[in-house]
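Comments concern the structure below.
2 protein chains.
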Amino acid sequence: MATEAVRTTAVEDNLLEVIARSLPDLRRSERRVADRILQAPQAAVEMTLGTLAAASGVSEPTVIRFAAAIGCEGFRDLRVKLARSLAFARTTSHSAIGPADDLGEITGKIFDFNLSNLAWVRAHLDPDAIRAAVAALSAAPRIEFFGLGASGIVAIDAQQKFPLFGAPCSAQTDGHQMLMAAAMLAPDDVAVAISNTGTTVDVVRAARIAQEKGATTIAITGSRGPLLSHCSIAIVAETLENTDLFTPTVSRLSAMVVIDILSTAVSLGRNRAGQDRIAEMKRLLSDVRSGRQERPDFNGKGPTGPEDGPGGMAPE
Amino acid sequence: MATEAVRTTAVEDNLLEVIARSLPDLRRSERRVADRILQAPQAAVEMTLGTLAAASGVSEPTVIRFAAAIGCEGFRDLRVKLARSLAFARTTSHSAIGPADDLGEITGKIFDFNLSNLAWVRAHLDPDAIRAAVAALSAAPRIEFFGLGASGIVAIDAQQKFPLFGAPCSAQTDGHQMLMAAAMLAPDDVAVAISNTGTTVDVVRAARIAQEKGATTIAITGSRGPLLSHCSIAIVAETLENTDLFTPTVSRLSAMVVIDILSTAVSLGRNRAGQDRIAEMKRLLSDVRSGRQERPDFNGKGPTGPEDGPGGMAPE
DNA sequence: CAGAATTTTGTAGTCAAACTACACAAATGA
DNA sequence: TCATTTGTGTAGTTTGACTACAAAATTCTG
Numbered sequence: 014m015a016t017e018a019v020r021t022t023a024v025e026d027n028l029l030e031v032i033a034r035s036l037p038d039l040r041r042s043e044r045r046v047a048d049r050i051l052q053a054p055q056a057a058v059e060m061t062l063g064t065l066a067a068a069s070g071v072s073e074p075t076v077i078r079f080a081a082a083i084g085c086e087g088f089r090d091l092r093v094k095l096a097r098s099l100a101f102a103r104t105t106s107h108s109a110i111g112p113a114d115d116l117g118e119i120t121g122k123i124f125d126f127n128l129s130n131l132a133w134v135r136a137h138l139d140p141d142a143i144r145a146a147v148a149a150l151s152a153a154p155r156i157e158f159f160g161l162g163a164s165g166i167v168a169i170d171a172q173q174k175f176p177l178f179g180a181p182c183s184a185q186t187d188g189h190q191m192l193m194a195a196a197m198l199a200p201d202d203v204a205v206a207i208s209n210t211g212t213t214v215d216v217v218r219a220a221r222i223a224q225e226k227g228a229t230t231i232a233i234t235g236s237r238g239p240l241l242s243h244c245s246i247a248i249v250a251e252t253l254e255n256t257d258l259f260t261p262t263v264s265r266l267s268a269m270v271v272i273d274i275l276s277t278a279v280s281l282g283r284n285r286a287g288q289d290r291i292a293e294m295k296r297l298l299s300d301v302r303s304g305r306q307e308r309p310d311f312n313g314k315g316p317t318g319p320e321d322g323p324g325g326m327a328p329e
Numbered sequence: 014m015a016t017e018a019v020r021t022t023a024v025e026d027n028l029l030e031v032i033a034r035s036l037p038d039l040r041r042s043e044r045r046v047a048d049r050i051l052q053a054p055q056a057a058v059e060m061t062l063g064t065l066a067a068a069s070g071v072s073e074p075t076v077i078r079f080a081a082a083i084g085c086e087g088f089r090d091l092r093v094k095l096a097r098s099l100a101f102a103r104t105t106s107h108s109a110i111g112p113a114d115d116l117g118e119i120t121g122k123i124f125d126f127n128l129s130n131l132a133w134v135r136a137h138l139d140p141d142a143i144r145a146a147v148a149a150l151s152a153a154p155r156i157e158f159f160g161l162g163a164s165g166i167v168a169i170d171a172q173q174k175f176p177l178f179g180a181p182c183s184a185q186t187d188g189h190q191m192l193m194a195a196a197m198l199a200p201d202d203v204a205v206a207i208s209n210t211g212t213t214v215d216v217v218r219a220a221r222i223a224q225e226k227g228a229t230t231i232a233i234t235g236s237r238g239p240l241l242s243h244c245s246i247a248i249v250a251e252t253l254e255n256t257d258l259f260t261p262t263v264s265r266l267s268a269m270v271v272i273d274i275l276s277t278a279v280s281l282g283r284n285r286a287g288q289d290r291i292a293e294m295k296r297l298l299s300d301v302r303s304g305r306q307e308r309p310d311f312n313g314k315g316p317t318g319p320e321d322g323p324g325g326m327a328p329e
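Chains D and G supply the protein sequences, listed in that same order.
Numbering-wise, the first sequence is residues 14 to 329 according to my numbering.
Numbering-wise, the second sequence is residues 14 to 329 according to my numbering.
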């Protein structure tokens, strides 16, 4: 279907923005309509053609012409588009303006930043690398995730999705254990090395060893670096910030989404039975959550996290 | 008091969710309408009453009754609400991922899904709750993060940002240690309880104990649950839909972004470094928007960059 | 398993909203 | 100034949204 309905939350989508922007090009009475809408957009969607015309002090056809002028099919279309734009608008009602408004701005900026970055990563992911990674992971008898620091979090996240991968998974977040685990790998095993910078020495070393042992090595990284030379498959989720100075959160988010894609794809590639198993697992989890059963032991790397479940698949 | 601090909107706003949820309560022919809408929501907003009736194989009044049944004023209202929901769910939403899906499509859907959800959360976050949380965290001599399983990852992530919080932070991801840590808290200390479901018993219990000890308790959760009754500040990042396709990842992302917001805001209040960070983010954002998709420069701290850096420390 | 009571659905009709054709008014330019 | 262009409103038409009621289907009861 509309696979290419690529959404960038672009300005063009936001009708309010469009209206404000085309304000100078409008005729005088049309502008009255525009003003009226901008003044209380929320109320405008509720209005009818006649109502809005009256509220703006113009005639009904003028409103229709206005709709056409800003690129709508008609008044109906205008209302729909307006409603759509309004959905993104903040629930402004009680966010007072003042010194505290900084906070709202921070919230908005951080969301924007993360959203923009994800959209960017989406557009720049290499499909072939994903495909190769999925193939390797699907066939792997054993999977190791390597990551230090913030990337260690991603590694653990990946490890928790092991039911989707359908193979024993471990996450190594310690430099030494990473090496030991890498040394234990065999051909067909897969090592996933996660590093935002692509330079972290321990991770690079672990990847090298894993490769020497004949394992398939997959890199999930935020920028090209030494790591890639020891990995046969490179998934580069380049983010807009790659300095270590600001918000490493986005690199984590990107990596986690990549993991999500891999695990989902592997799971789907397997068979329907695998999906049923996941559904069953989710059911068990919901029992655990409500405290009706003893929860499975959880040691930080344990099989299933009681909370939120590893992968989440299969509609009910 | 916690419940008051929260907006009473969210999932109820998402008409698709509402429709899917009230499916069993509908009469047979009304359900035909529902199915038709869910099947192609994008097309449904374009349709007229008669068109939709014909497409569903029912009469026009049935469609109107359907609208009333799901809580709309009439067909017009239905269309507006639908458009509003579609603003978020537009591209993916109810198109479940099946084995037949091409890999590229899976990638796109997962990205879209996560993006839509983040946008949704963004629009529905309660600014007052954020404000209260920032205030509490800024004044806290000690901060504990509680989370199990997938939410444990978020807790660790939060803990790694301790430089931004400017106070000793711990992350407890084990049921028992969680309780012990909670018991050690004192007034003014802050406990942040993270649970997507809001029901995880251990986390709820830890929150209760923390509250009994006089600490300020902050909940970061994906849905209302028992947890809220033991938390004085509730940050509810409700996700777009509950079909559980990818909800776990989405909830983690949302929670991490919330953490990011909190840490940034706290840091901003503390020193000027936080302000620089915001300024930088704004710059990056404007670059993205203007379509100049260059990677930002790497000036700053030189090449080292210990793997991904714990917490996005601002430059000295 | 009738047959009544109730619920569900469609038919026909009404009202109002959305759109169109056209004519008048205002503004612009020679 | 008048002619031409542009802008705006009036009046009329079409269509879509909704309502009243009757037919069909379902359920309930004896």
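For every residue, glycine included, the Cβ atom is placed at its ideal position computed from N, Cα and C.
Query raised in the report: Relative to the C-alpha of residue 197 of chain D, which residue among D:130, D:216, D:224 is closest?
Result: Nearest C-alpha to residue 197 of chain D: D:224.
Query raised in the report: residue 336 of chain D: which of G:59, G:83, G:99, G:185 sits nearest, CA to CA?
Result: The structure shown has nothing for residue 336 of chain D, since chain D only spans 14 to 329.
Query raised in the report: Based on the DSSP secondary-structure assignment, which residues constitute the bridge partners of residue 185 of chain G?
Result: The partner list for residue 185 of chain G (beta bridge, DSSP) reads G:159.
Query raised in the report: Terminal residues of the continuous alpha helix (DSSP H) containing residue 136 of chain G?
Result: Where residue 136 of chain G is concerned, the enclosing alpha helix (DSSP H) stretches over 116 to 137.
Query - Enclosing beta strand (DSSP E) for residue 229 of chain G [first to last residue] - result: Where residue 229 of chain G is concerned, the enclosing beta strand (DSSP E) starts and stops at 229 to 234.
**Report entry** Under 7 angstroms by beta carbon: chain D residues contacting residue 266 of chain G
**Finding:** Result: 266, 269.
Query - Inter-stretch contact at 8 angstroms, needing at least 3 Cβ pairs: the segment 63 to 73 of chain D / the segment 63 to 76 of chain G - result: The segment 63 to 73 of chain D is not in contact with the segment 63 to 76 of chain G.
Query raised in the report: Which residues does DSSP pair with residue 46 of chain G in a beta bridge?
Result: According to DSSP, residue 46 of chain G bridges with nothing at all.
Report task. Kindly say whether residue 92 of chain G, judged by its beta-carbon, lies nearer than 8 angstroms to any beta-carbon of chain D. Result -> With 8 angstroms as the cut-off, residue 92 of chain G counts as an interface residue toward chain D.
Query raised in the report: In chain order, what residues of the same chain lie with their CB nearer than 6 angstroms to the CB of residue 79 of chain D, ignoring the 5 residues before and after it?
Result: Only 43, 46 meet the Cβ criterion.
Requested in this report: Give the DSSP bridge partners of residue 208 of chain D, in chain order.
Outcome: The partner list for residue 208 of chain D (beta bridge, DSSP) reads D:234.
Query raised in the report: Taking the continuous alpha helix (DSSP H) assigned at residue 247 of chain G, which residues delimit it?
Result: Where residue 247 of chain G is concerned, there is no enclosing alpha helix (DSSP H), although the beta strand (DSSP E) it sits in stretches over 246 to 249.
Requested in this report: Step through the CB atoms of chain D and report whether any lies within less than 8 angstroms of the CB of residue 81 of chain G.
Outcome: So no, residue 81 of chain G is outside the interface.
Query - Close-in-space but distant-in-sequence residues of the same chain around residue 165 of chain G (CB under 6 angstroms, 5 per side omitted) - result: Cβ-Cβ distances below 6 angstroms link residue 165 of chain G to 186 in the same chain, with the five nearest sequence neighbours on each side left out; the list follows chain order.
Report task. Compare the C-beta of residue 68 of chain D with all C-beta atoms of chain G and state if any pair is closer than 8 angstroms. Result -> Not flagged as an interface residue toward chain G: residue 68 of chain D, since no C-beta distance is shorter than 8 angstroms.
Query raised in the report: How about residue 290 of chain D: is its C-beta nearer than 8 angstroms to some C-beta of chain G?
Result: Confidence at residue 290 of chain D is low in this model, with a pLDDT of 47, below 50, so its placement is unreliable and the value that follows should be read with caution. So no, residue 290 of chain D is outside the interface.
Query - residue 97 of chain D: contacting residues in chain G (beta-carbon distance under 8 angstroms) - result: Within chain G, the residues placing a beta-carbon under 8 angstroms from that of residue 97 of chain D are 96, 97, 99, 100, ordered along the chain.
Query raised in the report: In this structure, does DSSP put residue 71 of chain G in helix, strand or coil?
Result: Residue state, collapsed to three classes: coil.
Report task. Round the Cβ separation of residue 195 of chain G and residue 184 of chain G to the nearest angstrom and send it over; I've been treating them as touching at under 8 angstroms. Result -> The pair is not a contact, with the Cβ atoms about 13 angstroms apart (cut-off 8 angstroms).
Query raised in the report: Cβ of residue 58 of chain D less than 8 angstroms from any chain G Cβ?
Result: Yes - at least one Cβ of chain G is within 8 angstroms of the one on residue 58 of chain D.
Query raised in the report: Under 8 angstroms between the Cβ atoms of residue 222 of chain D and residue 271 of chain D?
Result: Their beta carbons are not under 8 angstroms apart, which means residue 222 of chain D does not touch residue 271 of chain D by this criterion.
Query raised in the report: Mind listing which residues of the segment 134 to 168 of chain D have their C-beta closer than 7 angstroms to chain G's C-betas, in chain order?
Result: So the list reads 135, 138, 140, 143, 144, 147, 161, 162, 163, 164, 166, given in the order they occur along the chain.
Query - Residues that residue 203 of chain G bridges to, as DSSP identifies them - result: Looking at the DSSP assignment, residue 203 of chain G forms a beta bridge with G:156, G:229.
Report task. Establish whether the CB of residue 116 of chain D and some CB of chain G are separated by less than 8 angstroms. Result -> At least one CB atom of chain G sits nearer than 8 angstroms to the CB of residue 116 of chain D.
Query raised in the report: Which term fits residue 269 of chain D, buried or exposed, when burial requires 16 or more other beta carbons within 10 angstroms of its beta carbon?
Result: Its Cβ being crowded by 16 or more others within 10 Å, residue 269 of chain D is buried.
Requested in this report: Rounded to whole angstroms, what's the CA-CA distance from residue 168 of chain D to residue 176 of chain D? Just pull it up for me.
Outcome: Taking the CA atoms as reference points, residue 168 of chain D sits about 15 angstroms from residue 176 of chain D.
Query raised in the report: With C-beta atoms as the reference, is residue 274 of chain D less than 8 angstroms away from residue 156 of chain D?
Result: No. Outside cutoff.
**Report entry** Cα-Cα separation, residue 235 of chain G to residue 27 of chain G
**Finding:** Their backbone Cα atoms lie some 15 angstroms apart in a straight line.
**Report entry** residue 243 of chain G burial status per 10 Å Cβ neighbour count (16 or more: buried)
**Finding:** That one is buried.
Query raised in the report: Near residue 188 of chain D, what residues of its chain come up, given a Cβ to Cβ distance below 6 angstroms and the 5 sequence neighbours on each side ignored?
Result: So the qualifying residues of the chain are 215.
Query raised in the report: Could you give the distance in angstroms between the alpha-carbon of residue 127 of chain G and the alpha-carbon of residue 211 of chain D?
Result: If you take the alpha carbons of residue 127 of chain G and residue 211 of chain D, they lie about 25 angstroms apart.
Query raised in the report: Is the beta carbon of residue 95 of chain G sitting closer than 8 angstroms to the one on residue 152 of chain G?
Result: Not in contact: residue 95 of chain G and residue 152 of chain G (Cβ atoms no closer than 8 angstroms).
**Report entry** Interfacial residues, the segment 174 to 192 of chain D to chain G, with Cβ spacing under 7 angstroms
**Finding:** Here the close residues number zero.
Query - Burial state of residue 191 of chain G, where buried means 16 or more other Cβ atoms lie within 10 Å - result: With 16 or more other Cβ atoms within 10 Å, it is buried.
Report task. Establish whether the CB of residue 108 of chain D and some CB of chain G are separated by less than 8 angstroms. Result -> In this prediction, residue 108 of chain D scores a pLDDT of 35, lower than 50, which makes its location untrustworthy; no coordinate-derived value is stated.
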